[in-house]
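Single-structure report; data block below.
There are 4 protein chains.
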Amino acid sequence: MIISIDLYNSKPAFLQIADVVRTAIARGALQAGDKLPPIRETAVNTRVNRNTVSRAYLELEHQGLVQARQGSGFFVTEGGADQEREARRQSVVEKIQELLGEAELSALSTQELIKLVELEAKRMQKEGAR
Amino acid sequence: MIISIDLYNSKPAFLQIADVVRTAIARGALQAGDKLPPIRETAVNTRVNRNTVSRAYLELEHQGLVQARQGSGFFVTEGGADQEREARRQSVVEKIQELLGEAELSALSTQELIKLVELEAKRMQKEGAR
Amino acid sequence: MIISIDLYNSKPAFLQIADVVRTAIARGALQAGDKLPPIRETAVNTRVNRNTVSRAYLELEHQGLVQARQGSGFFVTEGGADQEREARRQSVVEKIQELLGEAELSALSTQELIKLVELEAKRMQKEGAR
Amino acid sequence: MIISIDLYNSKPAFLQIADVVRTAIARGALQAGDKLPPIRETAVNTRVNRNTVSRAYLELEHQGLVQARQGSGFFVTEGGADQEREARRQSVVEKIQELLGEAELSALSTQELIKLVELEAKRMQKEGAR
DNA sequence: GTGGTCTAGACCACC
DNA sequence: GTGGTCTAGACCACC
Chain B
594 MIISIDLYNS KPAFLQIADV VRTAIARGAL QAGDKLPPIR ETAVNTRVNR NTVSRAYLEL
654 EHQGLVQARQ GSGFFVTEGG ADQEREARRQ SVVEKIQELL GEAELSALST QELIKLVELE
714 AKRMQKEGAR
Chain H
594 MIISIDLYNS KPAFLQIADV VRTAIARGAL QAGDKLPPIR ETAVNTRVNR NTVSRAYLEL
654 EHQGLVQARQ GSGFFVTEGG ADQEREARRQ SVVEKIQELL GEAELSALST QELIKLVELE
714 AKRMQKEGAR
Chain A
594 MIISIDLYNS KPAFLQIADV VRTAIARGAL QAGDKLPPIR ETAVNTRVNR NTVSRAYLEL
654 EHQGLVQARQ GSGFFVTEGG ADQEREARRQ SVVEKIQELL GEAELSALST QELIKLVELE
714 AKRMQKEGAR
Chain V
594 MIISIDLYNS KPAFLQIADV VRTAIARGAL QAGDKLPPIR ETAVNTRVNR NTVSRAYLEL
654 EHQGLVQARQ GSGFFVTEGG ADQEREARRQ SVVEKIQELL GEAELSALST QELIKLVELE
714 AKRMQKEGAR
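Residue numbers (our numbering), protein chains in the order written: chain B, 594 to 723; chain H, 594 to 723; chain A, 594 to 723; chain V, 594 to 723.
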């Protein structure tokens, strides 16, 4: 796994790095027990100081997604994937609630909203297939 | 129709007033040809200066949702409701696209997303029924 | 660029100010990216309150000709000049249609009308040269 | 010649009647010495009181376009057509001046203006031919 | 320094 | 009664 970020993005580099790892865990690209790329290696790949990568990994450790083993590296924890997926599910649920509120204020029924979701999902699939 | 706003909200008062009217138009509470509450009346109800209400109504006029008739008041235009509903639909579609993007990064399938939408819709219905 | 208006004109001051700027954009005196004179400066030059200038600039922003940048000023937008020129061309076409209708009711042929246009154009050129 | 007007038009009936006659004179449909339709007849055709028609005809007499002959009717005067055509020409010239002024403020050259006049003239001819 | 929002109050035009 | 324009002045946010 190679981590790369966008240095021109205004989002702090350490947050971007943490996000990339979180997404990899959520999607199963990194599974329980898997080793994260070493700090030095990620620092080179992202053209960022080692301290910045360190901060990103510590962030993930505080969150309980990964765990450092002295002299060996960072490893994905047992419940990490489930925890991250649950957090993302929560965030999606919140956005859905906003969406439903907005739909209600727009005279859009839930039926129509779901149709729109299906429609857009198909459109994205097609575009992704290109 | 009585317009009221939240003076402690950081959102400018004139925008809040415009939004209340826009929503009323989108939902059909104010229909084509209907008269908006007079500027002075809304100023009293919202505890805001006449100029501020004036600005809100002017905003809606620029948008083509209402039209002023000198000495008579502001009236909802013919195509106003359709225009506003279409704008809101567009905004909902954009949020759906964001949501689908996020769902994909979270290993959430479209099927699961739609189930979540249905679930939340039911929950909100229940809460609304209370 | 210095904006000045006629305070004794019955046309509202904010419209006069907006028209001066619109004309400057149409003629290329203000080009895409150019900064408008600051609100306070124009208020002094036109002997009008800041709010009045503000309203004029807001009008232009609603129209898409200029754009405000917080703490920096108002700037002419990319497509502003083209948009304004097209609008003016449209307005001229409408006046030409009226003129042709009137000419027809006056037993004036199109040929004669065009001769009149050329004649008047020359007269104005001479007067402008003085 | 039958005179008819639009009773729902906000323009006063007597002015509408006078305009119809003036246009007929300018176009040569009514020539020097020709008799205008009798007041009573025009009153019936326009569904208007005889006094109103009378006022219209008097207006034209004041202008020197027609002349009453006791017990006989109203007749187009000798110089009437020329006078009316000159007046209309003058009015057209004034509108052309406005147009040229506007064109100048819009970065439209006289050449382009004349092209627009020719273009619109052709368009109107085609539409009239239909 | 630059724009954004708001108030209180004046005077006007149209109805 | 209803909207339209304007002033003088306040306080704020972004730079």
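Here a beta-carbon is modelled for each residue, glycine too, at the ideal position from N, C-alpha and C.
(Q) Between which residues of its own chain and A619/A is the CB-CB distance below 8 Å, once the five residues before and five after are set aside? (A) A674, E677, R678 and R681
Q | C-beta contact flag for E713/A and L693/V at 8 Å | A | yes
Q. Along the region 684-699 of chain V, what residues have a CB closer than 9 Å to any CB found in chain A?
A. S684, V685, V686, K688, I689, Q690, E691, L692, L693, G694, E695, A696, E697, L698 and S699
Q) For a contact meaning CB atoms closer than 8 Å, what does E711/A contact in chain V? A) T703 and I707
Q) Going by C-alpha distance, which of L653/H, Q663/H, K708/H and V686/H is nearest F607/H? A) L653/H
Q) Is the CB-CB distance between V646/V and I610/V below 8 Å? A) yes
Q. Any idea what DSSP makes of G666/V, helix, strand or coil?
A. strand
Q.
Can you give me the C-alpha to C-alpha distance between F668/B and L600/B, rounded to a whole angstrom?
A. 26 Å
Q.
Please list, in chain order, the residues of the region 610-622 of chain A that have any C-beta partner in chain V closer than 8 Å.
A. T616, A619, R620 and G621
Q: Quick one: which unbroken alpha helix (DSSP H) runs of 4-plus residues sit fully inside the region 629-698 of chain A? Chain order, please.
A: 632-639, 643-656 and 673-698
**Q.** Endpoints, alpha helix (DSSP H) assigned at I618/V
**A.** A606 to R620
Q. Does A714/V come within less than 8 Å of chain A when only Cβ atoms are used?
A. yes
Q. Leaving out the 5 sequence neighbours to the left and right, which residues in its chain are closer than 7 Å to I632/A when beta-carbon positions are compared?
A. R643, V646, S647 and Y650
Q: Please work out which residues of its chain come closer than 7 Å, Cβ to Cβ, to P605/A, disregarding the five sequence neighbours upstream and downstream, and give them in chain order.
A: none
Q: Using the Cα positions of R666/A and K628/A, report the straight-line distance between them to the nearest angstrom.
A: Before going on, a small fix: residue 666/A reads as Gly here, not Arg. If I take the Cα positions, the gap works out to 7 Å.
Q) Between the region 652-680 of chain A and chain V, which residues of the former have a C-beta closer than 7 Å to a C-beta of the latter? A) R678
Q. How many angstroms separate the CA atom of G774/B from the CA atom of V710/B?
A. In the structure displayed, chain B extends from 594 to 723; residue 774/B sits before or after that span and is not available.
Q.
Considering only their Cβ atoms, is the gap separating V685/A from S684/V smaller than 8 Å?
A. no
Q: Taking C-beta pairs closer than 8 Å, name the residues in chain V that R643/A reaches, listed in chain order.
A: The premise fails here: R643/A is roughly 27 Å from chain V at the closest Cβ pair, so nothing lies under 8 Å.
Q.
For M717/H and V641/A, what's the separation of their Cα atoms in angstroms?
A. 53 Å
(Q) Given this structure, state the Cα-to-Cα distance separating L701/B from S702/A, to the nearest angstrom. (A) 58 Å
Q | Pairwise C-alpha distance: L706/V and V659/A | A | 27 Å
Q) Under three-state DSSP, which class holds E700/B? A) Before going on, a small fix: residue 700/B reads as Ala here, not Glu. Correct three-state label for A700/B: coil.
Q) Counting only beta-carbon atoms, is R682/H nearer than 8 Å to chain B? A) yes
Q) Any idea if R568/H is buried or exposed, counting beta-carbon neighbours within 10 angstroms, 16 or more meaning buried? A) The question about residue 568/H has no answer, for chain H in this structure spans 594 to 723.
Q.
Just to make sure I have the definition right: I need the residues of chain B whose C-beta is within less than 7 Å of the C-beta of M717/H. Which are they?
A. L693
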